[in-house]
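Novice:
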Amino acid sequence: MPNEHERLRREWMELAPQWIREARAGGDVARQGLLDEYTLAACGDVQGLRILDSGCGEGRFSRLLVQRGAQYVLGVDNCPPMIEAARELQSGTDQYILADVQDLSFLEDASFDLAVSYLNHCDLQDFAANVREVYRVLKEQGRFVVVNIHPMRSAGGSWHRDSRGEKEYVMLDHYFAEGERHFTMKGLPVTNFHRTLSTYVRSFLGTGFTLEDVIEPTVSPENVARFPELADELRVPNFIIFLLKK
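Numbering-wise, the sequence shown is residues 5 to 250 according to this note's numbering.
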């Protein structure tokens, strides 16, 4: 596992410069035109809250939470360039720590009101370890917002096209074969992990969380006009959001 862990971290270190440049420009299209709105709504009123951003990257979403009045946001990520970039823009209300979110033993029990995992569980070898750790560090009635790749899409989900090259439907296969999935992002190899919907839900419930809502985001007509590349979101769910309470 140590060698595998280091391989995954190296992938993100290689991707980090491009990721940081894009985040500084507002974030990728899926976040700007779709997920930010849903995730912020799921977080609700964050005024005065202590928030954990689990897998914070270069801190873009942490800064959005600060702008909305969070008392304190702690971003944790295992990629050194991401944490360095996050610290460049921190305001004093947000703080960033280089660490593995699968082991939050440096944090005290019941020390946060809200936790967010924004497209991070799909990157973790042991997402369930993060679920247990987040449960521990949340206060009673604390909430955990988990934004993830939809299991239907992480199972494969390439488009079948007709003879003219038009998209007809998404192909789903090997759904029950959980494990690594390899693809290219910004021209670089990236590893994600596919799990079934039941695996995620059973982990949440088995840890002790109450599942308050499940959201499958879709794009608004206004955002399709702004970001035409998001039009597929009207046809298939690429993402899923779980609202959990301790």
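Every residue, glycine too, gets a C-beta built ideally from N, C-alpha and C.
#1: Once the 5 residues before and after E62 are set aside, which same chain residues still bring their CB inside 6 Å of it?
#2: Among residues of its own chain, excluding the 5 on either side of M5, which ones have a beta-carbon nearer than 8 Å to its beta-carbon?
#3: Taking the beta carbon of V80 as the centre, do at least 16 other beta carbons fall within 10 Å, making it buried, or is it exposed?
#4: Within a Cβ cutoff of 8 Å, which residues of the same chain sit near L12, ignoring the five residues on either side of it in sequence?
#5: Measure from the alpha carbon of F180 to the alpha carbon of each residue in R140, A114 and S158, then state which is nearest.
#6: L111 and V151: beta carbons closer than 8 Å?
#7: On the DSSP letters alone, give me the boundaries of the alpha helix (DSSP H) that G61 sits inside.
#8: Report the residue from D166, V223, M156 and D98 whose alpha carbon sits nearest the alpha carbon of L53.
#9: For L123, collect the residues of the same chain with a Cβ closer than 6 Å to its Cβ; drop the 5 residues on either side in sequence, then sort them by chain order.
#10: Among the candidates E182, D117, Q94 and D166, whose CA atom is the shortest distance from the CA of F131?
#11: Output the distance between the C-alpha atoms of W16 and M189, rounded to the nearest integer angstrom.
#12: Quick check on DSSP: helix, strand or coil for D49?
#13: By the DSSP assignment, the beta strand (DSSP E) with A119 in it spans what residues?
#14: What residue does the beta strand (DSSP E) around T97 start on, and which one ends it?
#15: Which first and last residues belong to the beta strand (DSSP E) in which P193 is found?
#16: Can you tell me which of L234, E172, N242 and G59 puts its alpha carbon nearest to the alpha carbon of L102?
#17: Buried or exposed: where does Q106 fall if 16 or more other Cβ atoms within 10 Å of its Cβ makes it buried?
#18: With distances taken Cα to Cα, identify the nearest neighbour of E237 among L247, P193 and T222.
#19: Which whole-angstrom value is the C-beta distance of R136 and L248, which I expect to be below 8 Å?
#20: List the whole-angstrom C-beta distance separating H198 from R185, where the pair is believed to meet the contact cut-off of C-beta under 8 Å.
#21: Work out the CA separation of L93 and G73 for me, nearest whole Å.
#22: Report buried or exposed for K250, applying the criterion of at least 16 other Cβ atoms within 10 angstroms of its Cβ.
#23: Starting from the C-beta of E8, find all residues in its chain whose C-beta is less than 8 Å away, skip the five residues before and the five after it, and write them out in chain order.
#24: Are the CB atoms of K143 and D117 within a distance shorter than 8 Å?
#25: Distance, Cα to Cα, A29 vs Q36?
Specialist: According to the data block:
#1: Stepping through the sequence shown from its first residue, residue 62 is reached at position 58. Taken in chain order, the residues that qualify are I24, A27, M86, A89 and A90.
#2: For the purposes of this step, residue 5 is identified with residue 1 of the sequence shown, where counting begins at 1. Bear in mind that the predicted position of M5 carries a pLDDT of just 46, short of 50, making it unreliable; the figure below should be weighed with that in mind. Only Q129 meet the Cβ criterion.
#3: Counting from 1 along the sequence shown, the entry for residue 80 is found at position 76. Result: buried.
#4: As a first step, residue 12 must be located in the sequence shown, where it is residue number 8. The answer, listed in chain order, is D127, Q129 and T195.
#5: Start at 1 with the first residue of the sequence shown, and residue 180 comes out as number 176. Of the candidates R140, A114 and S158, the one whose C-alpha sits nearest the C-alpha of F180 is S158.
#6: Residue 111 sits at position 107 when you count from the first residue of the sequence shown. Residue 151 sits at position 147 when you count from the first residue of the sequence shown. No, they are not a contact pair.
#7: Locating residue 61 in the sequence shown gives position 57, counting from the first residue. Careful: G61 lies outside any alpha helix (DSSP H) and carries neither H nor E.
#8: Position 49 of the sequence shown, counting from 1, holds the residue named residue 53. With distances taken between Cα atoms, L53 lies closest to D98.
#9: In the sequence shown, counting from the first residue as 1, residue 123 sits at position 119. Excluding residues within five positions, the ones whose Cβ falls inside 6 Å are V151.
#10: Residue 131 sits at position 127 when you count from the first residue of the sequence shown. The option with the nearest alpha carbon to F131 is E182.
#11: Along the sequence shown, read from residue 1 onward, the residue named residue 16 stands at position 12. Along the sequence shown, read from residue 1 onward, the residue named residue 189 stands at position 185. The straight-line gap from Cα to Cα measures roughly 10 Å.
#12: Within the sequence shown, residue 49 is the residue found at index 45, counting from 1. Of the three classes helix, strand and coil, the one that applies to D49 here is coil, per DSSP.
#13: Numbered from its first residue, the sequence shown carries residue 119 at position 115. F116 to Y122 is the extent of the beta strand (DSSP E) around A119.
#14: In the sequence shown, counting from the first residue as 1, residue 97 sits at position 93. Looking at the DSSP string, T97 is not in any beta strand (DSSP E), and its letter there is neither H nor E.
#15: To locate residue 193, count along the sequence shown from 1; it is residue 189. Per DSSP, P193 belongs to the beta strand (DSSP E) from L192 to H198.
#16: As a working note, residue 102 is residue 98 in the sequence shown. Ranking the options by Cα distance to L102, first place goes to G59.
#17: Locating residue 106 in the sequence shown gives position 102, where the first residue counts as 1. Answer is buried; the Cβ neighbour count reaches 16.
#18: By 1-based counting over the sequence shown, the position of residue 237 is 233. It is T222.
#19: Within the sequence shown, residue 136 is the residue found at index 132, counting from 1. Within the sequence shown, residue 248 is the residue found at index 244, counting from 1. Going by Cβ atoms, the distance from R136 to L248 rounds to 12 Å, so no, they are not a contact pair.
#20: One-based indexing of the sequence shown puts residue 198 at position 194. One-based indexing of the sequence shown puts residue 185 at position 181. Their Cβ separation, rounded to whole angstroms, is 5 Å, which keeps H198 and R185 in contact under 8 Å.
#21: In the sequence shown, counting from the first residue as 1, residue 73 sits at position 69. In the sequence shown, counting from the first residue as 1, residue 93 sits at position 89. Taking the straight line joining both Cα atoms gives about 17 Å.
#22: The count along the sequence shown starts at 1 and reaches residue 250 at position 246. Buried is the call here.
#23: Start at 1 with the first residue of the sequence shown, and residue 8 comes out as number 4. Contacts found: Q129.
#24: Locating residue 117 in the sequence shown gives position 113, counting from the first residue. Locating residue 143 in the sequence shown gives position 139, counting from the first residue. In contact: D117 and K143 (Cβ atoms closer than 8 Å).
#25: On the sequence shown, position 25 is the one that residue 29 refers to. On the sequence shown, position 32 is the one that residue 36 refers to. Their backbone Cα atoms lie some 10 Å apart in a straight line.
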